[in-house]
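A.B. asks:
There are 2 protein chains.
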Amino acid sequence: MAAPRRKTTPATAEVADEKQPIDLGLLDNLLGYRLRRAQLAVFQDFLIAMKGFELRPAQFSVLAIIAANPGLKQSRVSEALGINRANFVALLDELEQRKLARRAAAPGDRRSNALYLTPKGEGFLKESYRHLLTQHEKRVEAVLGSADKQLLLNLLDKLTTLA
Amino acid sequence: MAAPRRKTTPATAEVADEKQPIDLGLLDNLLGYRLRRAQLAVFQDFLIAMKGFELRPAQFSVLAIIAANPGLKQSRVSEALGINRANFVALLDELEQRKLARRAAAPGDRRSNALYLTPKGEGFLKESYRHLLTQHEKRVEAVLGSADKQLLLNLLDKLTTLA
DNA sequence: CAGTATTGTTGTTCAGTATAACAAATAAGG
DNA sequence: CCTTATTTGTTATACTGAACAACAATACTG
Chain W
1 MAAPRRKTTP ATAEVADEKQ PIDLGLLDNL LGYRLRRAQL AVFQDFLIAM KGFELRPAQF
61 SVLAIIAANP GLKQSRVSEA LGINRANFVA LLDELEQRKL ARRAAAPGDR RSNALYLTPK
121 GEGFLKESYR HLLTQHEKRV EAVLGSADKQ LLLNLLDKLT TLA
Chain L
1001 MAAPRRKTTP ATAEVADEKQ PIDLGLLDNL LGYRLRRAQL AVFQDFLIAM KGFELRPAQF
1061 SVLAIIAANP GLKQSRVSEA LGINRANFVA LLDELEQRKL ARRAAAPGDR RSNALYLTPK
1121 GEGFLKESYR HLLTQHEKRV EAVLGSADKQ LLLNLLDKLT TLA
């Protein structure tokens, strides 16, 4: 609270001190703050790896879910990803316009759409995933190590049970 | 890719099967996805703990930084938190209107604002942090364990060096 | 059948984030 | 000193993500 760090003599010895690292205070112990910073860093690295693919994390996740569960209904996909079904519409619209995914008639329910990847979408997903592995995930494991990454995934899963 | 899970006989034995857990596919191995889910869960839990305080995570972080670095210049605070200085204005405006923080003249620079907490702001920060500890962080450690929490913090810090 | 719930969709709002532009002030360099 | 460039706080603006209400079409329930 006090600590009057030498403020007189503004002439000399004040050059590089301008970059005091700044104390995080209470934030230092707060998990949410660290989580957010880490998440931003990882997402940014994701975007760098996906440069040229024009594929945001949310779009990638949609393609991945459809690929793993072909024919799944639209509402199930959005629900699985925690995306509001109203907001999911435009997201899917774009993927459909880019011929990566398609809405098909759901057997036995004329309200629902069954979602599938197009052949182009499957190729696109595979290629973008390859880029992610060789660039993004490689950088991640460079700072984490493979064992720590798996450990981290497990810890994160525990946190997700909070909600 | 194939796996034709029994689709005929739509009458019986189709009741609870509707909730197939859904395969995460490529997402399962993607750190960014897990990070985002965990971060959302933790932030949501934060908001629950702060109910009644009307204090969002970003606002809390500003108060915490100012408390730990009283007199710090406005631009340094926003920079330390990764908040655009243009967006920081409204954020600080609200804290000032609520008499939690204040802008003061910065000694030796008439452009800058030196930021301080008001006495009310200090009390408010302490009380909200107490609530965080007794509710939010308690729930976090309930699912993580104290040792794992510290481990997780270290792993997250490594990730932050990515950016 | 009548009433209710679900699905996809549109419209709207709000918070978060990014950029450009500006005035006041400071710093740098001749 | 004077001129020019940079910094600081601010406003305005735009775009994204996420939330909600409402609606038509369809499905489900009693």
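First to last, the protein sequences are chains W and L.
Going by the numbering used here, 130 is the number at position 130 of the first sequence; the sequence numbering is gapless.
Counting from 1 along the second sequence, just add 1000 to a position and that's the residue number in the numbering used here.
C-beta atoms are modelled at their ideal positions from N, C-alpha and C, and glycine is treated no differently.
Values in this document were obtained by computation on a predicted structure and should not be read as measured data.
Quick one: what does DSSP say Lys-99 of chain W is sitting in, helix, strand or coil?
C.D. replies: DSSP places Lys-99 of chain W in coil when its eight states are reduced to three.
A.B. asks: Looking at the structure shown, is Asp-1023 of chain L part of a helix, part of a strand, or coil, going by DSSP?
C.D. replies: Asp-1023 of chain L falls in the coil class under three-state DSSP.
A.B. asks: Hey, is Ile-1083 of chain L's beta-carbon within less than 8 Å of any beta-carbon in chain W?
C.D. replies: No, because no Cβ of chain W sits closer than 8 Å to the Cβ of Ile-1083 of chain L.
A.B. asks: What are the residues of the region 1073-1106 of chain L that lie near chain W, defined by any Cβ-Cβ distance shorter than 9 Å?
C.D. replies: Residues Arg-1076, Val-1077, Glu-1079, Ala-1080, Leu-1081 and Gly-1082.
A.B. asks: Run down chain L in chain order and give the residues with a C-beta less than 7 Å from the C-beta of Phe-166 of chain W.
C.D. replies: Residue 166 of chain W lies beyond the residue range present for chain W, which begins at 1 and ends at 163; the question has no answer from this structure.
A.B. asks: Would the beta-carbon of Leu-125 of chain W fall within 8 Å of that of Leu-117 of chain W?
C.D. replies: Yes, the Cβ-Cβ distance between Leu-125 of chain W and Leu-117 of chain W is below 8 Å.
A.B. asks: Using only the alpha-carbon positions, how far apart do Asp-109 of chain W and Val-1042 of chain L sit?
C.D. replies: Spanning the two alpha carbons is a distance of roughly 37 Å.
A.B. asks: Using only alpha-carbon positions, find the residue among W:Glu-54, W:Met-50, W:Ser-78 and W:Lys-99 that is nearest to Ile-65 of chain W.
C.D. replies: Considering only alpha carbons, the answer is W:Ser-78.
A.B. asks: Rounded to whole angstroms, how far is the Cβ of His-136 of chain W from the Cβ of Ala-58 of chain W, which I believe are closer than 8 Å?
C.D. replies: Incorrect: roughly 16 Å between the Cβ atoms, too far for contact.
A.B. asks: Compare the C-alpha of Phe-1053 of chain L against each of L:Tyr-1129, L:Lys-1158 and L:Arg-1085 and name the closest.
C.D. replies: Closest option to Phe-1053 of chain L, Cα to Cα, is L:Tyr-1129.
A.B. asks: Let's see if you can read the secondary structure: which residues bound the beta strand (DSSP E) around Arg-1111 of chain L?
C.D. replies: Run containing Arg-1111 of chain L: 1109-1117, per the beta strand (DSSP E) assignment.
A.B. asks: Thinking C-beta only, is Gln-1097 of chain L closer than 8 Å to Phe-1088 of chain L?
C.D. replies: Not closer than 8 Å, so no.
A.B. asks: Could you please tell me which residues of the region 142-157 of chain W, in chain order, have their CB closer than 8 Å to any CB of chain L?
C.D. replies: Those residues of the region 142-157 of chain W that come within reach of chain L (Cβ to Cβ, closer than 8 Å) are Val-143, Leu-144, Asp-148, Lys-149, Leu-151, Leu-152, Leu-153, Leu-155, Leu-156 and Asp-157.
A.B. asks: Based on the DSSP secondary-structure assignment, which residues constitute the bridge partners of Ala-106 of chain W?
C.D. replies: Answer is W:Asp-109, bridged to Ala-106 of chain W.
A.B. asks: Kindly provide the ranges of any beta strand (DSSP E) runs that are 3 or more residues long and lie completely inside the region 1021-1064 of chain L, ordered along the chain.
C.D. replies: Those beta strand (DSSP E) runs which fall completely within the region 1021-1064 of chain L and span 3+ residues do not exist here.
A.B. asks: Whole angstroms is fine: what's the gap from Val-1143 of chain L's alpha carbon to Ala-1105 of chain L's?
C.D. replies: Between Val-1143 of chain L and Ala-1105 of chain L, the C-alpha separation is close to 46 Å.
A.B. asks: Between Asn-69 of chain W and Asp-1023 of chain L, how many whole angstroms is the CB-CB distance? I'm expecting something under 8 Å.
C.D. replies: About 6 Å; that satisfies the 8 Å criterion.
A.B. asks: Look at Ala-38 of chain W and Gln-1044 of chain L and say whether their C-beta atoms are less than 8 Å apart.
C.D. replies: Against a cut-off of 8 Å, the Cβ pair of Gln-1044 of chain L and Ala-38 of chain W comes out as no contact.
A.B. asks: To the nearest angstrom, how far is the alpha carbon of Asn-29 of chain W from that of Gln-1020 of chain L?
C.D. replies: Rounded to whole angstroms, Asn-29 of chain W to Gln-1020 of chain L spans 38 Å at the Cα level.
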